[in-house]
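Residue numbers (our numbering), protein chains in the order written: chain A, 4 to 67; chain B, 4 to 67.
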DNA sequence: CAAAAATGTAAAGTATACATTACTTTTTGT
DNA sequence: ACAAAAAGTAATGTATACTTTACATTTTTG
């Protein structure tokens with residue numbers, strides 16, 4: 004599962020810590036998801052989609 | 004998290020077992036998700052979206 | 001360049017997604 | 001009504017999402 008969190012953060016000039024707080028998860032969770040260590044849960048994916056006002060599919064991509 | 008799996012199955016006249024096989028999970032997993040016992044993982048949500056040719060948000064809804 | 005901020009990473013623990021087995025209840029078809 | 005199929009449910013086990021603490025490395029800024 005790939006994702007655009009790093010780019011979306013960069014566009015807004017947000018740190019991992021700021022995004023983590025906005026999504027109510029730990030900074031390590033954001034870091035791990037950005038680095039592809041694991042996939043977010045569906046509820047967390049929904050939270051991110053709401054935050055960025057994007058579709059889940061626009062943020063997270065099933066890599067084939 | 005609400006979902007339309009039961010309706011989508013009904014439209015296609017599929018059993019829980021058939022949907023489970025198509026998504027490569029157990030029948031109990033489908034049953035539990037339909038009954039709201041737990042949310043699917045993001046990868047499973049993507050699989051369902053591909054199968055039904057719908058957006059994840061069209062199948063699963065964050066209840067407020 | 002030095003300090004500070006941001007990012008990366010690791011270990012250990014908790015919560016939840018999912019499997020398997022097995023059984024009960026409900027629905028469907030003849 | 002009866003049998004068969006489908007759906008519901010429960011217990012136990014495993015995998016993974018996520019937390020917390022802690023520290024190392026990289027990047028940014030004065």
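Glycine included, C-beta positions come from ideal geometry on N, C-alpha and C.
Identified DSSP bridge partners for residue i
i                     : result
residue 63 of chain B : B/6
residue 44 of chain B : A/44
Beta-carbon neighbours of residue i, restricted to chain A and to distances below 9 Å
i                     : result
residue 33 of chain B : Correct list: empty, because the minimum Cβ distance to chain A is about 15 Å.
Chain A residues whose Cβ lies nearer than 7 Å to that of residue i
i                     : result
residue 45 of chain B : 4, 42, 43, 44, 45, 48 and 63
residue 59 of chain B : 59 and 60
Supposed close pair residue i, residue j - CB separation, criterion 8 Å
i                     : j                     : result
residue 35 of chain B : residue 60 of chain A : Wrong, their Cβ atoms sit about 24 Å apart, outside the cutoff.
residue 44 of chain B : residue 44 of chain A : 7 Å
Residue i (DSSP reduced to helix, strand or coil)
i                     : result
residue 57 of chain A : coil
residue 32 of chain A : helix
residue 38 of chain A : coil
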